[in-house]
Amino acid sequence: MLVLRSSPASPFGRKVKIAALELGLMDRIEVVIADTTDPAEPLRRQNPLGKIPTLVLEDGTTLFDSRVIVDYLDHLGGGRLIPAGEARFAQLRLQALADGISDAALLQIYEARFRPEQGRNADWLAHQAGKVTRGLEALEAAPPAFPDRPRIGEIALACTIGYFDLRFAGTWRADYPRLVAWLDDFAARVPAFEATRVKS
Ligand SMILES: N[C@@H](CCC(=O)N[C@@H](CS)C(=O)NCC(=O)O)C(=O)O
């Protein structure tokens, strides 16, 4: 078995799970929840960065981060998620944008979670919020069309905006109606999205 160290709420972990489900590989993967804040977590030996998701292969080799993991799963599953040729770069770019929005959202959440209120830096928080806003605005202006089966860029985008529903109580929805419609369409066409949703 492959072992996926992750947590239910992680947008990057969810991307890996949807990729595995789409590729028919989920029955080869055991998901073991990791606590990234626990110094005794084996995760810190499996991935020196102590981040999730991390995939442990049968021979003990570990793979991270989520982009490397989905590339590996796609290699095992026949290469359906990351296309070849020109289309590859559009998908990888979309994945990079979606993941980057999640990174900026996470940094804002960590600031609130880990830093005492008097130490928080409003300019730095606004700097991160700007990445989220510009990213979502760019996607709202041109939501990506996708074929019957989603590819890695579309999966990453669904996980990122799904994360906003989870952590920001859906407040993004009023500002991005085309992304709301896009996510509804994705959820209707990709059952793995609902199957990996965290009930908040
Ligand atoms: N670029 C990484 C980002 C992973 C990431 O930031 N994961 C978060 C949880 S969603 C994490 O492990 N945070 C704990 C930490 O940064 O120490 C990926 O794509 O896997």
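Note that the numbering used here numbers the sequence shown so that position 163 is 145, with each residue one more than the last.
Glycine included, every Cβ here is placed at the ideal spot set by N, Cα and C.
**Request:** Hey, could you find the ends of the beta strand (DSSP E) THR36 is sitting in?
**Result:** What you label residue 36 is simply residue 54 of the sequence shown in a count that begins at 1. Element bounds for THR36: 36 to 38.
**Asked** Between LEU107 and the rest of its own chain, which residues show a CB-CB distance below 8 Å, the 5 nearest in sequence each way excluded?
**Response** Indexing the sequence shown from 1 puts residue 107 at position 125. GLN90, GLU93, listed in sequence order.
**Item:** Residues of its chain near GLY6, where Cβ-Cβ distance is below 8 Å and the 5 sequence neighbours each way are ignored
**Value:** Position 24 of the sequence shown, counted from the first residue, corresponds to residue 6. The residues are GLY59.
**Message:** If you measure between the beta carbons of ILE11 and PRO35, is that distance less than 8 Å?
**Reply:** Mapped onto the sequence shown, residue 11 falls at position 29. Mapped onto the sequence shown, residue 35 falls at position 53. Not a contact, by the Cβ cut-off of 8 Å.
**Request:** My understanding is that GLU122 touches TYR158, with C-beta atoms under 8 Å, so please give their C-beta distance in whole angstroms.
**Result:** Reading the sequence shown from its first residue, position 140 is the one you call residue 122. Reading the sequence shown from its first residue, position 176 is the one you call residue 158. 5 Å between Cβ atoms; contact.
**Asked** DSSP state of ASP62, grouped into three classes?
**Response** Residue mapping note: residue 62 aligns to position 80 of the sequence shown, counting from 1. Reading off the sequence, residue 62 comes out as Arg, not Asp. Coil, per DSSP.
**Item:** Selection from VAL162, LEU3, ASP47, PHE168 that minimises the alpha carbon distance to SER(-12)
**Value:** Within the sequence shown, numbered from 1, the residue matching residue -12 stands at position 6. Of the listed residues, the one whose Cα sits closest to SER(-12) is ASP47.
**Message:** Going by beta-carbon coordinates alone, are PRO65 and ARG133 separated by less than 8 Å?
**Reply:** Here residue 65 is taken as the residue at index 83 of the sequence shown, counted from 1. Here residue 133 is taken as the residue at index 151 of the sequence shown, counted from 1. Their beta carbons are under 8 Å apart, which means PRO65 touches ARG133 by this criterion.
**Prompt:** Taking DSSP as the reference, what is the three-state secondary structure of LEU(-14)?
**Reply:** Here residue -14 is taken as the residue at index 4 of the sequence shown, counted from 1. Correct three-state label for LEU(-14): strand.
**Request:** Give every residue of the same chain whose Cβ lies closer than 6 Å to the Cβ of LEU3, excluding the five residues on either side of it in the sequence, and list them in chain order.
**Result:** Position 21 of the sequence shown holds residue 3. Closer than 6 Å at the Cβ level, and outside the excluded window around LEU3, lie ALA174.
**Prompt:** Given that a residue counts as buried once 16 or more other Cβ atoms are within 10 Å of its Cβ, and exposed if not, what is ARG102?
**Reply:** Locating residue 102 in the sequence shown gives position 120, counting from the first residue. An exposed status is given to ARG102, since fewer than 16 other beta-carbon atoms sit within 10 Å of its beta-carbon.
**Asked** Taking one C-beta from the segment 136 to 154 and one from the segment 79 to 89 each time, how about it: are there three or more such pairs within less than 8 Å?
**Response** Segments in contact, yes.
**Asked** If you follow the alpha helix (DSSP H) that GLU176 is part of, which residue opens it and which one closes it?
**Response** Mapped onto the sequence shown, residue 176 falls at position 194. Unbroken alpha helix (DSSP H) run through GLU176: 173 to 177.
**Message:** Using only the alpha-carbon positions, how far apart do ASP156 and ARG27 sit?
**Reply:** Along the sequence shown, read from residue 1 onward, the residue named residue 156 stands at position 174. Along the sequence shown, read from residue 1 onward, the residue named residue 27 stands at position 45. Here the sequence assigns Ala to residue 156, which means Asp is not the residue at that position. About 42 Å.
**Message:** Suppose contacts are defined by Cβ-Cβ distances below 8 Å. Is GLY32 in contact with LEU25 by that definition?
**Reply:** The residue given as residue 32 occupies position 50 in the sequence shown. The residue given as residue 25 occupies position 43 in the sequence shown. Contact: yes.
**Request:** Please list the segments of the beta strand (DSSP E) lying wholly inside the segment 14 to 59, counting only runs of 3 or more residues, in order along the chain.
**Result:** 36 to 38
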